[in-house]
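Heads up: the structure comes next, in structure tokens.
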Amino acid sequence: MDIEKDLTPSREGDRPPYADRWHTLSDWMRVNLRSKDQRFWSDAYPHTMTGIAVDHVAGVPRGWTVHLCVDDGEAIAMFYPPAEKPGTVSVVSRPDDIAARMDLYRRYIWEPKDLAAEMWEQREAA
Numbered sequence: 162m163d164i165e166k167d168l169t170p171s172r173e174g175d176r177p178p179y180a181d182r183w184h185t186l187s188d189w190m191r192v193n194l195r196s197k198d199q200r201f202w203s204d205a206y207p208h209t210m211t212g213i214a215v216d217h218v219a220g221v222p223r224g225w226t227v228h229l230c231v232d233d234g235e236a237i238a239m240f241y242p243p244a245e246k247p248g249t250v251s252v253v254s255r256p257d258d259i260a261a262r263m264d265l266y267r268r269y270i271w272e273p274k275d276l277a278a279e280m281w282e283q284r285e286a287a
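Sequential numbering from 162 applies to the sequence shown in our numbering.
Below, the structure is given as structure tokens:
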């Protein structure tokens, strides 16, 4: 779905585009809009966790499963070892400001492998 074509923008002053349709958007679309417009980071535009599976992440050992999620400005990477090695490893990134959160959401959409690899490195360094 092309957000720009399928929804009519709001025409109400300082309200961001699609504000009147926020409740109808999928979480992925909400993440996309939050990555582009800081006005969507107010409490008026709630967002629930969105996650994707990411394959072939640099640095992650073969056989591991990677799930990358975003939730209200946080990125959460969950690394699941192969079945013969029980356990789950999660790494959370919490940017301090709106610009960093917008960048995190942009990377989640357009560079999920790079973001997951960076979070794997963060896990290894801990």
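All residues carry an ideal CB built from backbone N, CA and C; glycine is no exception.
Review point. Looking at the unbroken alpha helix (DSSP H) that takes in Val218, where does it start and where does it end?
Key: Val218 -> no alpha helix (DSSP H), and no H or E assigned at all.
Practice item. Closer than 6 Å by C-beta to Leu265: which residues in its own chain qualify, once you throw out the five before and the five after it? Chain order, please. Key: Ala236 and Pro256
Practice item. Tell me whether Gln199 counts as near the ligand ATP, meaning its Cβ is closer than 7 Å to at least one heavy atom of that ligand. Key: The ligand content of the structure shown is nil, which means the ligand ATP is not present either.
Practice item. Compute the distance between the beta-carbons of Val227 and Val215, then report whether it is under 8 Å. Key: A distance below 8 Å separates the beta carbons of Val227 and Val215.
Point to revise | Cβ contact check for the segment 177-193 and the segment 203-211: 3 or more pairs under 8 Å | key: yes
Point to revise | Strand pairing of Met239, partner residues [DSSP] | key: His228 and Ser251
Exercise for review: Taking all protein chains shown into account, decide if Glu279 is buried (16 or more other Cβ within 10 angstroms of its Cβ) or exposed.
Suggested key: buried
Review point. Alpha carbon to alpha carbon, what distance is there between Trp281 and Thr185?
Key: 34 Å
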